[in-house]
Structures are given as C-alpha cells and as structure tokens.
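Once you know that position 253 of the sequence shown is 253 in full-length UniProt numbering, the rest is easy, because the numbers rise by one and skip nothing.
We treat Cβ as the ideally placed atom computed from N, Cα and C, and that holds for glycine.
Note that the structure is a prediction, hence the values are computed from the model and not measured.
Report on one structure; see the data block that follows.
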Amino acid sequence: MVNRGGLWNELGGPAWCAVVENKCWAGILLLIITSTAAHRINLPGTAHIQLSNLGREFFFWRLEDNPEFASDAGVYKFNDRLEEFSFEMFPRRKAMAEMHLSNLLTIPVDELSSKDKVNYAILKDMLQTYIEGYAWREWNFLNPLNLLEGNQRNPAFFVESTPFENRGDFENYIVRLQSMPRQFDEYIALFNKAIVLGRTSHIVSVNRVPGQIERIIRESVENSVYFSPFLDLLGNTSMSATIQSDVRERGRQAVSEVFKAYDKLKKYMENTYFKHTRQGYGVGTLPQGKEYYQACLRWYLSLSMSPEEVHQLGLREVARIEAQMKRIMVKQGYDGYSVAEYFDELRRKMFYLPTGEDMLREYELIIEDRIEPTLNGLFKDYPGLPLRVDPMPSDGPRGQYSSGTADGTRPGVFYANVLRPDEVPTYLMMALALHETNPGHHLQMSYAMTADLPEFRKNKEYTPKYRVPFAFPTYTAYVEGWALYAEKLGEDLHLFRDDYELMGYYDSALFRACRLVIDTGIHYYNWTREQAVDYFLRYTTDSRAGVEVEVDRYITWPGQACAYTIGQLKITELRARAEEQLKEHFDIRDFHSVVLENGPVPLRILESLVDDWIQNHHRKDPKDNDTNGDAVECMCPPNAVVSSKCQASGSSRQIHLRNISQEGKCGRRVNNNGHEDEFQSPFD
C-alpha cells in the first residue's frame, strides 16, 4: 500500500541514484562528502549546493534514525530496523542536530536564491527547535505510550507501511518483528525514569492502554494483524512452497514473541506504572511544569504567546462565536436558550442517518457534488490527487485524514467515524468534510507533496505528541489552522445549505475555541477534569462521554489543542490584511497559493511570506495579471526572497471516492473582497 514511485526506486534508494543499491548509497556518501567539503572551503557560488546537500544529509539522517518513518515515506532501506528508545539516543540526536545547524550557519545566506532562503529559514527553525527542546527531554518523552499513541493504538499501521513482494521484504519484516521486544523493554526503562523523576502521566492518559494491548493479544497468532502478511501476501510471491513454509513458520514464532512482549508491557503498566501516575491533571501541577507547558505551547504555535494570552483569546473567541450562534437561534425561535439547550432540542429532530454506510455515502456526495465544483474559484492549478472515504477502523474523533502519495498510487483517506450514526447529526457533516478533505487537509497536503520542495520539507516526519517539545516541529498551527480556515471558506461560498448546517460550522468553531480555554485551564490554571468537562458541556453538541474523551486528550497532549484556532485566526488575519491593502486587486486564488505552495511553515514565516507578497504586488503595475510576481522579500531570515508562482487552471480533475469515479466540475469564480464583520487581529 505504500508508494514506491516518485523519489524512491524499488530498491529503497533515491531515484536519482544508480539502480544498484551499493552505488546508490555510494552516491549519497559522495554528496555528503561534497557537502562537508563545501562547508569547510566555502567556495564562491556553492551556497545552493551546500544547502541542497545539507538538506539531503538531514533528511537521510532522519530516515535512518527513524526507520518506521522511512518505511511510511516509501524508503525501504531500513525495513529491518525499529527506532531506538535508549537513554543514549538523547545526547546522540542532539549532537547530530547541532552538527547540522553548525554546517547550516556556514552557508552565506545572501548568496542564496529566493526559494533557498525559505528552505534555509525552515531548516534552521527545525534544528533550533529540536536543540532547544533537549532541555525538556526527561519530561513527557519518558512516557511513550498513552491512550492515543503507541504500538498498541494502531497495529495495522506497522503492516500497512511495509512492502511484501519478495523474500527480502518478508525477511526484513521478521527481523523487525524480532526487534519489538527490545523496543518494548526500552519503553519500560523510560517509564521507570519517569517514575523516579515524578513526571509520569495522569491515570486518565494511560488507563486504556492495557485494554488496547489485550485486544491485540487475545487473538490467536494466526488471526493477528501482525501475522496477516504471512497468509495471502506470502502465497502471492514467487517463492517455492518449501521456502514459503519456512518463512511462515519463522513469522509465526516472531509474532508469538511479540505477543509475549505485549503481555509483559501490559502487566508492567498495571502492576507498576499505574501506582505512580501523577495526581494533578495538568503538567502545571509539577515542579517547573508551567515552564514546560510554555515550551509545549511555543512548539505547537510556532510563535510566542503566553498561556494567559491564549486563555484570554479563547474566552473572547467563545463569546464572539456564541453571539453569532444566538442570532441564528433567535431567528429560529430559540430566544433565551443556551447553546447546549439548543442542540439538545435538535437531537429530538430527524438529523440522523440510519447506518454507517449511509454516512459514508453522504460524505462522498458532500465532497463530490457540493464541495468539488467550487474549488476552481478558490485555487489556481490545484493538485488532482485521489481521495477516498473509509470508515474509521476503531472509535476515536469524528474524523481524521491520512495523506497519500504524490503520484496518486496511494490515495489520501478521510477516515469517518461511523460507529454511532445516531450520535452524529447530518448538519455537522459539511464542516467536517471541509476540514478533513477539500479544501482542508487533503488539498493542503496535496499542495505540499506536489510542490517543488526539498524532501525534508515535503516528507514531514510524524512526531508523536508525547515527545514535544523535544521533537522536530511539524508546524501544527499551520496544518490545523488551515483546516479550520477551510471550514470558514464553506461560509464564504455559501456551502452551508441552511441555518442548521451553518450552526454545525459554528459548533465546530466554538468547539476549537473552547480548547484554548480548557487546555490552558488544565495545564496552567490547574483545572480539574470535572471543571473542564463542565465548561465544555455548556457549548458542545457532544455527549458527556464524548466530552470526557476529548478532555482526556488535552490532559495527555499539553498545548496541542491550542494550535487549531490560533492558526486559523492568523491565516484569517493575513487574508484580511491582504484584502485591505490590495483592495480591488486582491485575488483569493493568489492568496491561497502563497499560503499553500510552501507547505507547512511556522506562522511567523507564513506572515512574512504574505506581507512580502503584498508589498511585491504594490510595486507592480496593477494592470499586470500575474499577481504573484517573480520574487518577494522575506522578513525571516532578513532580506530573504521567496518565489510565489501559480497558474490559472480551468481543467477538470479525476476524483476517487471509495467506489466512485467521476470527473470534477469547474465551478464559478468566487471573489470575496471583505467579511461580514470587520476582522480584528487577535494578535495585536
């Protein structure tokens, strides 16, 4: 299921290398040597080469250091390995990051092109963020399993990211299985360190882990997802029956040992770790916990805001959105009702589909018939990568997105939670589809994957949230902020067909605004779980059980939930700024190109990109139809210049939604030169 095309050839090396593996890695070594020499000698005109080679060095280090990430990226060179979690890896990884940063700082920035200056700024930010996070390495990083993360959470991913086409693939997989007990022992060592330091998780973050493990090991080995490749996939290879039998038996033994390791881990959690979980719900209850929380916020937001500022912003946003909702409630005859009471009334109406299959079909129709026709009016030359709607394999949030591959061989997938159709009203479905698919995460990731970006930016390493802030940034505020902004585009385009769907969108916006209040409440103001749940229940359509799951997520991932609304408000602020300054020359498609074509970036760099695009537009002849220009100055780093080019497109695109295949439709041009309410920047 993992793409082998694009950058990576079938042997697991870069396509630009020789097909023979040894030559391939010899080529990589030559690049590294060349890069290192260039750093030392600093020859004229070598700045681009230095930066390109350093970017490759960094990316290859991340692939080798995190073999699971490499497999998911379609790089199979390290498929016989698993990531290391020993204590020795902390200083070793920091030293590697410092070496890369030291080499980066030798590059003469003023000799770089506009595009390279952006690459330089982002690589520098990634390395500095990681190095600064080292100070917090013995905090949540010591708690590698929780209800949301870990091997036990989604064992199928371990299999789905691995190719099974020949004997080498199966031999690598067996060795990887044999490494899992070692990895689990390293988890236990980290947990023990957390106990000694008094920095364990709260019980609500981990009490479901034994049950998640039990669901894996209560199956027979032969029925396990880990053993599944040794059935039909093994039978489809060209190996002889004798070899297949041998491989299958060794696979059975390896999976059996994995089960024993899982059982050992489960008993450790129940008999040892649970006795030492922290008493306070928030990390702010720990010594230096508030400083740790501030570091987590900075990592997620990619800008400096204090917990107090985030909390107050959340209160203002909740009040603003609630006022918008109450205007509609009065219009519908619900004057005097609270938001929660209003949605209680709606639960008695016929807003539910009978089955999960009906929900999947409804999502497909929303995406294909209502959203797709509008995209040409909002985006220039947007990628036509395939999208599929699938049921979520286990209970979780209302929906989530998993990106595909740049060549389309593996589609992006919108996983919809359809397990309880009687709890998901249809008026919530449009906002969720906008968020997870187009123009939200699917379109956003499609732009990033098909953009002319270096691999370290195009293939972002997934960062488990428990590692923050000792982790390479993924720029959550940009990624999730865009998805919330995409929901707002539904309002601009009048995609919400009635006030109920509009209220569904406002419910989503209010839900995310509440997160600012609750996350800071828990981790900075020492709220209890019950305080957080009660606050949420005043504003949400969710049941108490659903709210409790949501609050447990915030307890588990300090700061993460704040990124969504902060990112959306920043993008909205930048759009309002561009509309005000460019007036009739503002083109929403050009603005979206500037925001999307650079992939995930820190919000402060995104602001520089947009500001410089605006200034460049001012310097041009207004009659010029190319509103992007050739280059704009970038404020981060100083005097940087970034390329910003787009082409108008009226072409149709192929859409793949589960079992549907239909040509996309070109929609009307949409110009939105203002907002219903004047936008006031929350960051002023």
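Within a 10 Å sphere around the beta-carbon of ASN236 sit fewer than 16 other beta-carbons, which makes this residue exposed.
Using a Cβ distance threshold of 9 Å, GLY356 and LEU419 count as a contacting pair. Under the criterion of beta carbons closer than 8 Å, HIS441 and ALA406 do not qualify as touching, at roughly 15 Å. Taken atom to atom, the span from the alpha-carbon of GLY412 to that of ARG589 is near 23 Å. For ASP492, the enclosing alpha helix (DSSP H) starts and ends at 476 to 492. Note on the segment 555 to 604: whole alpha helix (DSSP H) runs with a minimum of 4 residues are 563 to 582, 588 to 596, in chain order.
In the three-state DSSP reduction, SER71 falls in the helix class (H, G or I). Going by DSSP, GLN253 is part of the alpha helix (DSSP H) stretching over 241 to 271. In this structure, DSSP gives SER608 a helical state, which the three-state scheme calls helix. Where ASP116 is concerned, the enclosing alpha helix (DSSP H) starts and stops at 114 to 133. The C-beta distance from LEU105 to ILE131 rounds to 12 Å, too long to meet the 8 Å contact threshold. Straight-line spacing of the CA atoms in TYR506 and MET325 works out to 7 Å. Under the DSSP assignment, SER402 falls in the beta strand (DSSP E) whose first and last residues are 399 to 402. For PHE414, the enclosing beta strand (DSSP E) stretches over residues 412 to 416. For VAL283, no alpha helix (DSSP H) run applies, since DSSP gives it neither H nor E. Burial is judged here by how many other beta carbons sit within 10 angstroms of a residue's own beta carbon; GLN279 has fewer than 16 and is exposed. The straight-line gap separating the alpha-carbon atoms of GLN212 and ILE371 is approximately 37 Å. Judged by their CB atoms, ASN459 and LEU387 are not nearer to each other than the 9 Å cut-off. For the set HIS523, VAL601, VAL175, the Cα lying nearest the Cα of ARG81 is the one of VAL175. With a 10 Å radius around the Cβ and a threshold of 16 neighbouring Cβ atoms, ALA509 comes out buried.
Per DSSP, VAL389 is one residue of the beta strand (DSSP E) stretching across 387 to 391.
Looking from the CA of ARG604, the closest CA among GLN581, PHE591, ILE566 belongs to ILE566. The residue from SER403, GLU83, THR285, HIS618 with its alpha-carbon nearest to that of LEU443 is SER403. Separation of SER86 and TYR478 (C-alpha to C-alpha, rounded to the nearest whole angstrom) is 32 Å. Under the DSSP assignment, TYR462 falls outside any alpha helix (DSSP H); it carries neither an H nor an E label. Closest by C-alpha distance to SER302, out of GLU83, HIS202, TYR292, ASP125, is ASP125. In this structure, the alpha-carbon of GLU138 lies about 23 Å from that of LYS266. For LEU453, no alpha helix (DSSP H) segment is defined, and its DSSP state is neither H nor E.
When the beta-carbon positions are compared, LEU234 and PHE191 stay at least 9 Å from each other. With respect to the 9 Å criterion, TRP136 and GLY559 are not classified as neighbours on the basis of their beta carbons. Inter-segment contact for the segment 181 to 200 and the segment 259 to 278 is present: three or more beta-carbon pairs are separated by less than 8 Å. Around ILE522, the same chain offers TYR281, GLY282, ALA532, TYR554, ILE555 as residues with beta carbons nearer than 7 Å, after the five sequence neighbours per side are excluded. DSSP, reduced to helix, strand and coil, places ARG278 within a strand of the structure shown. A straight-line Cα-Cα distance of about 5 Å links PHE351 and THR426. For ASP80, there is no enclosing alpha helix (DSSP H), since its DSSP letter is neither H nor E.
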